[in-house]
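Protein chains: 2
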Amino acid sequence: MNPTASLRERWDEYILSLQDEICSSLEALDGQATFREDRYRRTEANGGGGRTRVMSGGAIFEKAGVNTSSVQGEVTDAMRSQLQIQGNRWYACGLSLVLHPFSPMVPTVHANWRYFETYGESGKVVDSWFGGGADLTPYYLFKEDAKHFHSTIKTALDQFDEALYPEYKKNCDEYFVNKHRGNEARGIGGVFYDHLRPKEADDAERLFAFQQACAGAFLPAYLPIVQRRRETTFGDSEKFWQEIRRGRYVEFNLIHDRGTLFGLKTGGRTESILMSLPATVRFEYDYQPLPGSKEAELVSHLVPQDWVGMAE
Amino acid sequence: MNPTASLRERWDEYILSLQDEICSSLEALDGQATFREDRYRRTEANGGGGRTRVMSGGAIFEKAGVNTSSVQGEVTDAMRSQLQIQGNRWYACGLSLVLHPFSPMVPTVHANWRYFETYGESGKVVDSWFGGGADLTPYYLFKEDAKHFHSTIKTALDQFDEALYPEYKKNCDEYFVNKHRGNEARGIGGVFYDHLRPKEADDAERLFAFQQACAGAFLPAYLPIVQRRRETTFGDSEKFWQEIRRGRYVEFNLIHDRGTLFGLKTGGRTESILMSLPATVRFEYDYQPLPGSKEAELVSHLVPQDWVGMAE
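Chains A and B supply the protein sequences, listed in that same order.
Sequence positions in the first sequence follow the numbering used here and run 1 to 312.
Sequence positions in the second sequence follow the numbering used here and run 1001 to 1312.
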């Protein structure tokens, strides 16, 4: 990277390289499908654009999206009221991924890392913040997988401050919830954080490094779980249950997910945003897993848990 | 009906008998599956309840819900701000149905008829209104079906006032739209109306009769289409397309449908509300039907059309 570049320029460059790295790793792991890339520009003049990458019909990944965008524009009334954004212009750049494996034994994963800036009349930065997170949505519970995912992320965060993992895990537990389903969690959580604002000049560098550490923990947190479960056998009933649970994923994303709804309502690229939806989904009236089944065991764990400290 | 009963009591009775009539007709037509009934009470004291009826795995209907509820409660702040409801207490009773056939040649249909009252401190009615409508969502376009559906409803409305069908059709065209998909309509429309307030004492009777005429037109508008298309052959590619389009149905219901969102966010019974979602659904990244195909023909008609006047 060019050491004299602005933080924004360096972040843009980092996000594109991160996308390349993640996509290469996923293609190598899948061994069958490759990512299709669509580049787009926003219609607003000088509004930036994105690089959407979606893989379909892989040996492991039935549908996987790893998208980046670097966008900017005028601050609108909707942004002022819904996002409490100040200033005249804004910039946002980030990577969002959602990976839906075909096998119900391999969990779905979601992650996102982003950076915002807003500018006053002079064009000077008046506010800036980082956000991000990663969370796991299994269809069958393997406690060692949940523990591995959380522990890997915790280790990355602990290097910066041991207070972060508990706080960001709590954010995640509170956010990825289907409130209309009696607060059933979407999955087994992870971490979620937003509005990490640099308080002093060198703080921005520390937060940039923090984002890199979090994003860097993603592949080590997820890929070993895929490797461990990819050969596990399953039948039609497990696939059925996966599609039922994918229905809950759709419900969360379309009813509650603030990023999805804000994107769709402010003219984001619909196909890029909705890459998050699983390929095949099932909605059954009042479906209840059998008491004592593996399916019921998963549901009973969809409330906040101490995954790191849990006995396997 | 008891002629001395209040309008509200008579409407409650009518809605239950309408549910019986529609369910019996659908069971007779399907010939294989029957409706499962779940009765529930709202947790709020004296809050009323509902009678949910869902049919699954029928010869014709893969998933069909015909629900009634008669509910009441205190007017909340959310109702005041989001629904502009005045008064201290409210009452709402209606029937909502969504029928998802298995065959992609048979269209999905949705209909709803409802009545609201609000009450002041003395318990006296301070406001009351009727609402309702019916709309059709085909997966393949048969112009004679669209014309039959619209014409049957128009005939029922024309008995009251010939100005109603054009106005209520326009409401429907404007409401059942996926704004995040470039204003693509959910289907080929129908009618939609709300806030029909009795202006004088005998007006309430006229509006009650209007609701009965609209609801009475439903089976004649829909069943002949089912009869005409139920034997039409189809294969995997037509089923695939149906599941893609069902994805748009899910998107509309979870992102835009005011009734669904208000119900879910105010503690309605989730399983009763989400009976509207199709059994199996597919979300493909950037799926585009082939130019000139039957699938593309459908999409090209998902903008307001003069179905009644259209050449078949």
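Glycine residues also receive a C-beta, built at the ideal position from the N, C-alpha and C atoms.
{"Query": "Quick check: the region 1216–1230 of chain B against the region 1194–1203 of chain B, are there 3 or more CB pairs under 8 Å?", "Result": "no"}
{"Query": "The beta strand (DSSP E) that contains residue 55 (chain A), what's its start and end?", "Result": "48–56"}
{"Query": "How far does the beta strand (DSSP E) with residue 281 (chain A) in it reach, from first residue to last?", "Result": "280–282"}
{"Query": "If you run the structure through DSSP and keep just helix, strand and coil, what is residue 1102 (chain B)?", "Result": "coil"}
{"Query": "For the alpha helix (DSSP H) containing residue 309 (chain A), list its first residue and its last residue.", "Result": "No alpha helix (DSSP H) holds residue 309 (chain A); DSSP gives it neither H nor E."}
{"Query": "Cβ closer than 9 Å: which chain B residues qualify as neighbours of residue 143 (chain A)?", "Result": "Here the premise fails: no neighbours, minimum Cβ distance about 28 Å."}
{"Query": "So for residue 1092 (chain B), helix, strand or coil by DSSP?", "Result": "strand"}
{"Query": "How would you write the range of the alpha helix (DSSP H) that residue 331 (chain A) sits in, first residue to last?", "Result": "Residue coverage of chain A in this structure runs from 1 to 312, which leaves residue 331 (chain A) outside it and unanswerable."}
{"Query": "How should residue 1253 (chain B) be labelled, buried or exposed, when 16 other C-beta atoms within 10 angstroms of its C-beta is the threshold for buried?", "Result": "buried"}
{"Query": "Please look up how many angstroms separate the CB atoms of residue 1075 (chain B) and residue 1042 (chain B), rounded, as I've assumed it's under 8 Å.", "Result": "Not quite, the Cβ-Cβ distance comes to about 15 Å (not below 8 Å), so this is no contact."}
{"Query": "Along the chain, where does the beta strand (DSSP E) containing residue 72 (chain A) start, and where does it finish?", "Result": "61–74"}
{"Query": "Which of the residues in the region 1236–1258 of chain B, read from start to end, lie with their CB under 8 Å from any CB of chain A?", "Result": "1243, 1247, 1250, 1251, 1254 and 1255"}
{"Query": "Would you report the Cα separation of residue 106 (chain A) and residue 95 (chain A), rounded to the nearest angstrom?", "Result": "22 Å"}
{"Query": "Can you determine whether any heavy atom of the ligand GTP sits closer than 8 Å to the C-beta of residue 239 (chain A), and answer yes or no?", "Result": "The ligand GTP is not part of the structure shown, which contains no ligands of any sort."}
{"Query": "Closer than 9 Å, Cβ to Cβ, to anything on chain A: give me those residues from the region 1187–1211 of chain B, in chain order.", "Result": "none"}
{"Query": "Check for me: the beta strand (DSSP E) holding residue 1111 (chain B) runs from which residue to which?", "Result": "1108–1119"}
{"Query": "In terms of residue numbering, what span does the alpha helix (DSSP H) encompassing residue 240 (chain A) cover?", "Result": "236–251"}
{"Query": "Taking only beta-carbon positions, decide if residue 1281 (chain B) is within less than 9 Å of chain A.", "Result": "yes"}
{"Query": "Is the CB of residue 1275 (chain B) under 9 Å away from at least one CB in chain A?", "Result": "yes"}
{"Query": "How would you call residue 275 (chain A), buried or exposed, if buried means at least 16 neighbouring beta carbons within 10 angstroms?", "Result": "buried"}
{"Query": "Is residue 54 (chain A) close to chain B, meaning its C-beta is less than 9 Å from at least one C-beta of that chain?", "Result": "yes"}
{"Query": "Within its chain, find whatever has a CB closer than 6 Å to the CB of residue 1229 (chain B); leave out the 5 residues flanking it on each side and keep chain order.", "Result": "1105 and 1106"}
{"Query": "Closer than 8 Å between beta carbons: that is the criterion. Which residues of the region 1054–1080 of chain B meet it against chain A?", "Result": "1054, 1056, 1063 and 1065"}
{"Query": "Can you name the start and end residues of the beta strand (DSSP E) that residue 1134 (chain B) belongs to?", "Result": "1125–1137"}
{"Query": "Anyone know if the C-beta pair for residue 1102 (chain B) and residue 1114 (chain B) falls short of 9 Å?", "Result": "no"}
{"Query": "Who are the Cβ neighbours of residue 40 (chain A) in its own chain at under 6 Å, not counting the five residues just before and after it?", "Result": "49, 50 and 269"}
{"Query": "What three-state label does DSSP hand residue 1263 (chain B) in the structure shown?", "Result": "helix"}
{"Query": "What first and last residue would you give for the alpha helix (DSSP H) that runs through residue 176 (chain A)?", "Result": "Counting along the chain, residue 176 (chain A) falls outside any alpha helix (DSSP H), and DSSP gives it neither H nor E."}
{"Query": "Would the beta-carbon of residue 1159 (chain B) fall within 9 Å of that of residue 1213 (chain B)?", "Result": "yes"}
{"Query": "Taking Cβ positions only, does residue 1180 (chain B) come closer than 9 Å to chain A?", "Result": "yes"}
{"Query": "Let me see if you follow: with CB-CB separation under 9 Å, is residue 1041 (chain B) close to chain A or not?", "Result": "no"}
{"Query": "Checking contacts by CB at 9 Å: is residue 104 (chain A) closer than that to chain B?", "Result": "no"}
{"Query": "Below 8 Å, how does it come out for the region 225–242 of chain A and the region 139–148 of chain A: are there three or more Cβ pairs, yes or no?", "Result": "yes"}
{"Query": "Just grab the DSSP bridge partners of residue 258 (chain A) for me.", "Result": "Answer by DSSP bridge pairing: none, since residue 258 (chain A) is not bridged."}
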